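Read the structure below first, then the notes.
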Amino acid sequence: MDGEAGVHVLAGGSEPSNMASTRRLLATALALTLLVVACGGDRDGPIPPAEDTEVEQDPPEAPVPAPAPGTPQPEESAEPPPPPAPAPAPEPPAEPGELRAVWVHLFDSSLKSRAGIGQLVDELVAADATAVIAQVARRHDAYYRSEVLPATADPDLEPGLDVVEELTQAAHAAGLEVHAWISVAPTWHAVYEDLPAPDGWVPAEHGRRAPEADRWVSRTRDGGWTEYLDPALPEVRDHLAAIVTELATTTDVDGIHLDYLRYENQHSGYHPAVLSRYRSETDATGTPAVDDPRWSQWRRDQTRGLLDHARAALDATGQDVELSAAVITWGPGPSASGGFDATRTATEALQDWPAWVRDGAVDIVLPMNYFRSHVPEQAGWFRDWLAFEGRLGAEHPARVVPGIGGWLNQPAGTLAQLGAALEAADGAAIYSYQQPAEGAAVDPEA
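According to the numbering used here, the sequence shown is numbered sequentially starting from 1336.
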């Protein structure tokens, strides 16, 4: 998952000893927080009584006695009957409901077996979740049947298991939405060191280890190559569009969730082909500084261009599938920074996600408010970002659903942040199912 805090890495296939307790915490966190919010006000109207609950009813009316034989009856009215009442106007489309979700990554065994998927679904139902955001490709290797991405070489995947197919069937039967999570930009992770590279794998054929002419990854100003795909390259845009199209047309997912839809940092973006295009479009000369305002805005536009390419591909399918994105909230929020354009999100991650919401480029945006509630400075950042997100979501149709960094907080902190998010915005999501509170090893950079 896109994030900034550093913690230990959990290698594929291993499972922390306290997994059961952290999963119980997930259920407790969601269920208790929802209860607190519901008691504070009717979110969706009054709660109907349970089927086996007795409800006080008005006493039945006494029967009207039949008239005695021969009793004169009122004459029928000579007035014609009134015209029938007009048919009621059709109900407007229902507003999207509150999203209560968890991210589930592929860096442990949770999604890699039928039994694990069944347990996941059962626990999310018990937690009153409405959706699961499930990673279905770690670094451009598919855990589902795909003609676009090569099959993963992960030895811990149950033989014959299509994670997307199994999860959508189980989740839909339980009333849960499934959003397929794709990590867009990163091409490498330490877990791949000892795994064979499958044929057609983007990290091998277009990563930093590929011949320079074949590389799709970005470059830094000082000439170093990164592990992140460059959002400005047409090849990267077409690759993402193909992934989105295939998921929308060959699976039953309810949404496609884009993570790492950004530059690695403000030092990135200097791929030779990209620089040539920048100079051509802007008449700039030389190599721009990392903080050059025009260069920074141009790169923000390229991130948006990558998103727009995915949006167009999804819309072209005609499928009823939502597009969502996990987005950055680094450091002080817009209020403390003097406006969003001055935040680290805008200047370093080069991600103008409020514009994505305003323009309808996404259906759901999930700001990753990954802050420690017990650190006063970070608690202030959390409040600042959350207030901004609440206002943004109230003004536009796209749902703004804050993400909570569970692994950074004790249970009480996770609960408090969840409650605040549910009250202020269109729902909440916890990162992650594997660790909804601090204490175990987890990989925040899934």
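We put the beta carbon where it would ideally sit given N, CA and C, even for glycine. Predicted model, so just to flag it, every value in this text is computed and none were measured.
Going by C-alpha to C-alpha distance, which of the options sits closest to residue i?
i	options	result
G1740	A1464, A1764, R1646 and L1459	A1764
Q1637	A1660, P1669 and L1685	L1685
R1646	G1542, I1591 and E1616	I1591
W1691	L1582, A1506 and L1641	L1641
W1665	A1696, A1714 and G1728	A1714
T1622	F1675, W1633, S1615 and R1556	R1556
V1625	S1659, R1639 and E1683	E1683
D1687	R1634, S1615 and L1649	R1634
E1528	T1678, R1629, G1453 and R1474	R1474
P1702	Y1766, D1643 and P1711	Y1766
R1693	R1726, P1669, S1670 and E1712	R1726
S1670	R1679, A1648 and D1719	D1719
E1540	E1570, V1526 and S1518	E1570
L1610	D1589, P1566, E1599 and D1643	P1566
N1600	E1482, I1452 and A1681	A1681
A1677	Q1632, R1612, H1644 and D1643	Q1632
L1658	D1589, G1432 and G1728	D1589
G1728	E1758, R1612, R1679 and A1751	E1758
R1612	R1679, L1568 and G1762	L1568
Q1305	G1453, P1494 and G1542	In the structure as shown, the chain starts at 1336 and stops at 1781, and residue 1305 therefore has no counterpart that could be examined.
R1639	L1596, S1672, P1494 and S1615	L1596
G1695	A1532, R1614 and D1643	D1643
S1518	R1679, I1468, R1544 and D1627	I1468
G1451	A1486, Q1752, G1673 and E1493	E1493
R1679	Y1598, G1542, R1543 and V1437	Y1598
A1486	A1532, H1524 and V1526	A1532
H1602	S1615, D1627 and R1614	D1627
Pull the bridge partners of residue i from the DSSP assignment, please.
i	result
L1794	The chain is shown from 1336 up to 1781; residue 1794 falls before or after that span and cannot be answered.
R1734	I1699
W1438	I1468 and Y1766
A1486	A1477
S1445	Answer is none; S1445 lacks a bridge partner.
N1704	I1739
S1603	T1555
Can the beta-carbon of residue i be found less than 8 Å from the beta-carbon of residue j?
i	j	result
V1439	L1455	yes
V1721	N1744	Reading the sequence as shown, one finds Leu at residue 1721 and not Val. Cβ atoms of L1721 and N1744: not closer than 8 Å.
P1546	T1522	no
T1586	T1652	no
L1564	A1520	yes
V1697	A1733	yes
V1700	V1735	yes
I1663	D1337	yes
L1484	D1476	yes
W1716	P1746	no
A1760	E1730	no
L1434	A1488	no
A1756	P1771	no
D1594	W1516	yes
S1708	G1748	yes
W1769	D1443	Just to set this straight, residue 1769 is Gln in the shown sequence, not Trp. Their beta carbons are under 8 Å apart, which means Q1769 touches D1443 by this criterion.
L1502	A1583	no
H1514	A1464	no
R1629	T1620	no
Y1478	L1441	yes
W1742	E1780	no
P1689	F1706	no
Does the region 1595 to 1608 touch the region 1549 to 1564, meaning 3 or more C-beta pairs lie closer than 8 Å? yes
My parser needs the beta strand (DSSP E) runs of 3 or more residues fully inside the region 1507 to 1579; what are they? 1512 to 1518, 1552 to 1554 and 1560 to 1564
Which whole runs of the alpha helix (DSSP H) in the region 1737 to 1770 are 4 residues long or more, in chain order? 1746 to 1759
Determine, using beta-carbon pairs with one atom in the region 1543 to 1553 and one in the region 1442 to 1460, whether at least three such pairs fall under 8 Å. no
Between the region 1505 to 1520 and the region 1455 to 1467, do three or more beta carbon pairs fall short of 8 Å? yes
With a cut-off of 8 Å, do at least 3 Cβ pairs link the region 1571 to 1579 to the region 1498 to 1508? no
Note down, one range per segment and in chain order, each alpha helix (DSSP H) of at least 4 residues found wholly within the region 1625 to 1679. 1628 to 1652 and 1669 to 1672
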